[in-house]
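Undergrad: Using this note's numbering, you'd call the opening residue of the sequence shown number 821 and step up by one each time.
In this text, a Cβ means the ideal position worked out from N, Cα and C, and glycines have one as well.
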Amino acid sequence: MVSYKELGLVNTRELFAKAITGGYAIPAYNFNNLEQMQAIIQACVETKSPVILQVSSGARKYANQTLLRYLAQGAVQYAKELGCVIPIVLHLDHGDTLELCQSCVDYGFSSVMIDGSHHAYAENVALTKQVVEYAHRHDVTVEGELGVLAGVEDEVSAETHTYTRPEEVEDFVKKTGVDSLAISIGTSHGAFKFKPGQKPQIRLDILAEIEQRIPGFPIVLHGSSSVPQEYVDLINKYGGKMEAAIGIPEEQLRAAAKSAVCKINIDSDGRLAMTAAVRKVFAEQPGEFDPRKYLGPARDLLKELYKRKNSEVLGSAGKA
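1. Classify Y1126: buried if its beta carbon has 16 or more other beta carbons within 10 angstroms, exposed otherwise.
2. Around the Cβ of F1012, are there at least 16 other Cβ atoms within 10 angstroms (buried) or fewer (exposed)?
3. For Y824, which residues of its own chain have a beta-carbon under 6 Å away from its beta-carbon, when the five flanking residues on both sides are left out?
4. Name the one or two DSSP bridge partners that Y849 has.
5. Kindly provide the ranges of any alpha helix (DSSP H) runs that are 4 or more residues long and lie completely inside the segment 1002-1080, ordered along the chain.
6. Check whether the segment 1096-1106 and the segment 1065-1075 are in contact - that is, three or more C-beta pairs closer than 8 Å.
7. Hey, could you find the ends of the alpha helix (DSSP H) G894 is sitting in?
8. To the nearest angstrom, how far is the alpha carbon of C1082 from that of E1029?
9. Roughly how many whole angstroms lie between the Cα atoms of P1038 and I1026?
10. Is the separation between the beta-carbon of E963 and that of G936 shorter than 8 Å?
11. In three-state DSSP terms, what is I840?
12. Thinking C-beta only, is T867 closer than 8 Å to A1131?
13. Residues in the same chain with beta-carbon distance under 7 Å from Q858, minus the five sequence neighbours each way, listed in chain order, please.
14. Rounded to the nearest angstrom, how far is the Cβ of L1134 from that of A845, given a contact under 8 Å?
15. Whole angstroms are fine: how far does the CA of G1138 sit from the CA of S1088?
16. Start and end of the alpha helix (DSSP H) containing E965?
17. Since S1000 contacts V968 with CB under 8 Å, what's their CB separation in whole angstroms?
18. Shortest alpha-carbon distance to R957 belongs to which of M1062, S1079, G1090, M821?
19. What's the call for R1154, buried or exposed, on a 16-neighbour Cβ count within 10 Å?
20. Out of E953, V1101, T832, H938, which has the shortest C-alpha to C-alpha gap to K1057?
21. Distance check for I1086 and A978, CA to CA, integer angstroms please.
22. If you run the structure through DSSP and keep just helix, strand and coil, what is H956?
23. Would a C-beta distance cut-off of 8 Å place L829 and V896 closer than the cut-off?
24. State the DSSP-derived secondary structure class of D1120, mapped to helix, strand or coil.
25. According to DSSP, is G971 part of a helix, a strand, or is it coil?
26. Since I believe L947 is in contact with L912 (beta carbons under 8 Å), could you give me their beta-carbon distance rounded to a whole number of angstroms?
And the structure:
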């Protein structure tokens, strides 16, 4: 077993407390490879922002759990070499079994999510409590979930939203002992969050009621990519086919970040930025075959996206 403290990582407890008091959200960016990790750390060092490095179950299978652990450990040292010590969390995104969460704790993760939202309420409570009991023995923080987000991301998919019921949150938090709670208020996974002509809208009224019931408790928003149109346009310009890709308006995310929402998950925006940059290189330089020549520009565009997110949307810039 490896403790996350040996890797130089931190858990989310203190970060979330500061974020709630300060009226901002910690960025939670998913990564699968070296270039994504480099972009995340560069962006967060340059904006002096704390960060949560997120690993999905699919990413863990793709990149290998041991390599991901060393990438996270390397991220801590990399930030120092870039000139700024920032708090870095290694977090399991959408863990769905006790065994997976235990394995991540044992491999040096400092935070895990157990998503039992697809189970009946009592089963969700029981499963989440089991994960909390194991993780807390190692000072690892735990995120639970109430409500179901629509959309598709890696191995997580649902046809429709099931909004979080505010009347359940107090009981869930009390019975499970979770450190933070992911809620469903209209955000969704993937790049196609709304239908053409449908007004993108998240239910800030549900969020406000949840805040009243569990004041000061850390809230998490999943599926919060805004799907910047300039990246969609670039992808389509250079041979892609992403008609009707629509995300969450950034002004709504900024409003949420000023509340008890202290962690906002962003994955699809990063995928769009990297794909747009790669397609542009391939279209303009069809003879290029050096991965550094197309992954490098992809990394650079991703860094600029995340710098802007930290500064203009999440409010986390300068909070490291």
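TA: In this structure, then:
1. So Y1126 ends up on the buried side.
2. Confidence at F1012 is low in this model, with a pLDDT of 49, below 50, so the placement of that residue is unreliable and no value is reported for it.
3. G928, S930
4. Answer is L873, I1086.
5. 1024-1033, 1049-1057, 1070-1077
6. no
7. Counting along the chain, the unbroken alpha helix (DSSP H) around G894 starts and ends at 885-902.
8. About 16 Å.
9. 15 Å
10. no
11. helix
12. Going by the sequence as given, residue 1131 is Ser instead of Ala. Yes. Within cutoff.
13. Excluding residues within five positions, the ones whose Cβ falls inside 7 Å are R1119.
14. 5 Å
15. 25 Å
16. Per DSSP, E965 belongs to no alpha helix (DSSP H); it is in the beta strand (DSSP E), 961-966.
17. That pair is no contact at about 18 Å.
18. M821
19. In the structure as shown, the chain begins at 821 and stops at 1140. Residue 1154 is therefore absent and cannot be evaluated.
20. V1101
21. For A978, the predicted model reports a pLDDT of 48, less than 50, meaning its position is unreliable; a value from the coordinates is still stated below. A978 and I1086: Cα-Cα distance of roughly 18 Å.
22. helix
23. Between L829 and V896, the C-beta spacing is below 8 Å.
24. In this structure, D1120 counts as helix in the three-state DSSP scheme.
25. Because G971 sits at a pLDDT of 46, beneath the cut-off of 50, its placement in the model cannot be relied upon, and the following sentence gives the value as read from the coordinates. Assigned with DSSP and collapsed to three states, G971 falls in strand.
26. No, L912 and L947 are not in contact; Cβ-Cβ is about 14 Å, not under 8 Å.
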